[in-house]
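What follows is a set of notes on a single structure, which appears directly below.
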Amino acid sequence: MADVNYPQEDIGARLASGSFVTHAMVVAPCSIHSMSAIAHGITDNLITRAADVTLKERRRLILMVREMPFHLGHLRSMVQLAEMGAIVAPPVPGFYNKPETVMDIVDHCVDRVMDLLGLPAADVRRWDGTRKDEA
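The sequence shown begins at 0 in numbering that gives the first Met the number 0 and counts up one residue at a time.
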């Protein structure tokens, strides 16, 4: 569905420049390797370079860190990223809506990221303060 795509090696691509205006960047999934590189300013590929520029320009950066469990080094990198302005949003499903399929779980995680981007979907199932078995 993308209009344009770039090879990961193309660190000279337009979106690796602060003059290429974007609203936000989402890295999904975000490996521990990519997260650690972004946290420490290692910009050796287009993903890490574009993320670095996103932080530099004070734009929203959302990292859907995919691996777990986390050790102390991972957590320290997450704290460092949060201090730099990134949002660390591991794809942790909410079970309060009682998902029935894997797609329900995936949709919940995507919906949360869309909320963080300021692009909420109209059909999102939201917590209404009651449990389904009480309604």
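Don't be surprised by glycine CBs; every beta carbon is placed ideally from N, CA and C.
Just so we're clear, the structure is a prediction, and the values are computed from it rather than from any experiment.
Following the continuous beta strand (DSSP E) through VAL23, name the residue where it begins and the one where it ends. In the sequence as displayed, the identity of residue 23 is Ala instead of Val. First-last of the beta strand (DSSP E) with ALA23: 23-29.
By Cβ distance, which residues of its chain are closer than 8 angstroms to MET67, with the 5 residues on each side in sequence left out? PRO89
With distance defined between alpha-carbon atoms, name the residue in GLU99, ALA81, ASP106 nearest to PRO91. A small fix is needed here, since residue 91 is Val in this sequence, not Pro. That would be ASP106, whose Cα lies nearest to the Cα of VAL91.
Quick check: the Cα distance between GLN7 and VAL87, rounded to an integer number of angstroms? 22 angstroms
Grouping DSSP H, G and I as helix and E and B as strand, with all else coil, what is ILE41? coil
My understanding is that LEU116 touches ARG59, with C-beta atoms under 8 angstroms, so please give their C-beta distance in whole angstroms. 7 angstroms
Assuming THR47 and SER30 are in contact, meaning their beta carbons sit under 8 angstroms apart, how far apart are those beta carbons, in whole angstroms? Wrong, their Cβ atoms sit about 11 angstroms apart, outside the cutoff.
If you follow the beta strand (DSSP E) that LEU62 is part of, which residue opens it and which one closes it? 59-64
Secondary structure of ILE104, DSSP reduced to three states: helix
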